[in-house]
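If you read the sequence shown in the working numbering, its first letter stands for residue 25, the second for the next number, and so on. Step one of this worksheet: look at the structure below.
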Amino acid sequence: MPVIVGSIVVALLAVGGLITAIALQGDGKDDEAGKGGESGTEQVEGYRPPERNRTMKETECSNASEDSNDPKKVRAPNFIYKDIQSAKSCAAAAGWTVKVIEEPGNTYAEDQVVGQFPSSGTAVDERGAHFELKISTGRPA
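Below you can see the structure in the form of structure tokens.
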């Protein structure tokens, strides 16, 4: 009889220890992963979130400087290091189109323009110009 009681006590302690271990294992990480509507992929170590404060005025595109060699054209603005949302808004204000090309890496923040074609200062049509903008993914390559 004492062997049976001892076995029951050991079993209860084992079950209690297992429940405690499972409860403490979470450490609240599950709560933080879903906080703020962010996806789990953005929690990658080394990830650089967007810097939406890197803006440009729409007039930098809609009222671009006239090209000195071709008065029928204007100089392309500098989109480098700007946030893609701001760059697209600027280009749209001038009637230009933008093709976005993602470039892996976390040297720069997500959605930050890291390259452009045509380059800044190049003569482009005042209306209907097309730009290719390379943006950082903000994630390690």
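Ideal placement from N, C-alpha and C gives every residue a C-beta, glycine not left out. In this text, all values refer to a predicted model and were calculated from it rather than measured experimentally.
The count of Cβ pairs closer than 8 Å, one atom from the stretch 154–163 and one from the stretch 136–146, reaches three, so the stretches are in contact.
Approximately 4 Å separates the beta-carbon atoms of A117 and E82; this is inside 8 Å, confirming the contact. Its chain contains H154 as the residues whose beta carbon lies nearer than 6 Å to that of T121, once the 5 sequence neighbours on both sides are disregarded; these appear in chain order. For the alpha helix (DSSP H) assignment, the uninterrupted runs of no fewer than 4 residues enclosed by the stretch 69–99 are, from N- to C-terminal side, 83–86. Going by beta carbons, A100 and G152 fall outside the 9 Å limit.
Counting of Cβ neighbours within 10 angstroms places D94 among the exposed residues, the total staying below 16.
Looking only at T131, V124 and G129, the smallest Cα-Cα distance to Q140 is reached by V124. A distance below 9 Å separates the beta carbons of R163 and V68. Between the C-alpha atoms of P128 and Q109 there is a straight-line separation of about 18 Å.
As the crow flies, the alpha-carbon of P142 is around 24 Å from that of P74. Within the DSSP bridge table, the entry for F141 names E156 as partners. Spanning the alpha carbons of M25 and V33 requires a straight line of approximately 13 Å.
Taking C-beta atoms under 8 Å as the contact rule, M80 and K112 fail to qualify, at a distance of about 10 Å.
Shown here, A38 sits in a helix according to DSSP, grouped into three states.
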